[in-house]
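S.K.:
Numbering (mature numbering (1 follows the signal peptide of the UniProt record, and there is no 0)), first residue to last: -25 to -1, 1 to 181.
1) For the alpha helix (DSSP H) that contains residue 109, what are its first and last residues?
2) Quick one: residues in its chain with C-beta nearer than 7 Å to the C-beta of residue 163, no 5 flanking neighbours on either side, listed in chain order?
3) CA-CA distance, residue 47 and residue 26?
4) Taking the continuous alpha helix (DSSP H) assigned at residue 59, which residues delimit it?
5) Taking the beta carbon of residue 71 as the centre, do at least 16 other beta carbons fall within 10 Å, making it buried, or is it exposed?
6) Give me the Cα-Cα distance between residue 200 and residue 56, rounded to the nearest whole angstrom.
7) Helix, strand or coil for residue 25, going by three-state DSSP, please let me know.
8) If we count the other Cβ atoms within 10 Å of its Cβ and call it buried at 16 or more, is residue 169 buried or exposed?
9) Within the same chain, show all residues whose beta-carbon is closer than 7 Å to that of residue 167, passing over the 5 residues directly before and after it, in chain order.
10) Output the distance between the C-alpha atoms of residue 141 and residue 126, rounded to the nearest integer angstrom.
11) Could you pull the start and end residues of the alpha helix (DSSP H) that residue 98 belongs to?
12) Flag this pair as yes or no: are the beta carbons of residue 137 and residue 34 separated by less than 8 Å?
13) Measure how close the beta-carbons of residue 195 and residue 97 come, nearest whole angstrom, since I'm counting them as under 8 Å.
14) Does DSSP put residue 146 in a helix, a strand or coil?
15) Going by the beta-carbon positions, is the gap between residue 76 and residue 40 smaller than 8 Å?
Following this line, the structure appears as structure tokens:
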């Protein structure tokens, strides 16, 4: 989600350097309240009072989640069992998260994007042209990058959002996304090992 990194001025860092305990998050974020926030008590926003961070997070997370499902469906053409298993989990996990986020967006009257954004449309077009090992490596490499960005996005909402429901969603989703990221890294390492093994065993031309 390049638009997220651009909008916030963030770079991609290893997830291990980014992850924080959701238990330490400030739910409600009184320091980041929107000017027109209604209060249920001093320092406590009333339910469904969103700030700019909440709204941007919801739209970017929805766009990223939609892309994960689309790319996961596309990856079913892979002949690598680890890649197809990973892709199946992306479809299942992100479909569930997308449905929950859509419900929260409707409650908070946050409009969501329809279809893939320009960046993910371009990535899908590139992946559709590949097959075999080249497809597997491109798909998994893209998954690592996207999940690193999603980790940043979730942690940004946990620390800077205002709506408690959206912050809880981000906090509860973060461990799953971190698990996805580690799985993708492990698969990429295996793909690299297989490529090296294949190159070593290939007969040399005289």
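Using N, Cα and C, we set each Cβ at its ideal position, and we do this for glycine too. Predicted model, so just to flag it, every value in this text is computed and none were measured.
M.R.: Result, derived from the coordinates:
1) 107 to 135
2) 115, 116 and 119
3) 32 Å
4) 56 to 82
5) exposed
6) Within the shown structure, residues of the chain are numbered from -25 to 181, placing residue 200 beyond reach of any answer.
7) coil
8) exposed
9) none
10) 15 Å
11) 93 to 103
12) no
13) Outside the shown range of the chain (-25 to 181) lies residue 195, about which nothing can therefore be said.
14) helix
15) yes
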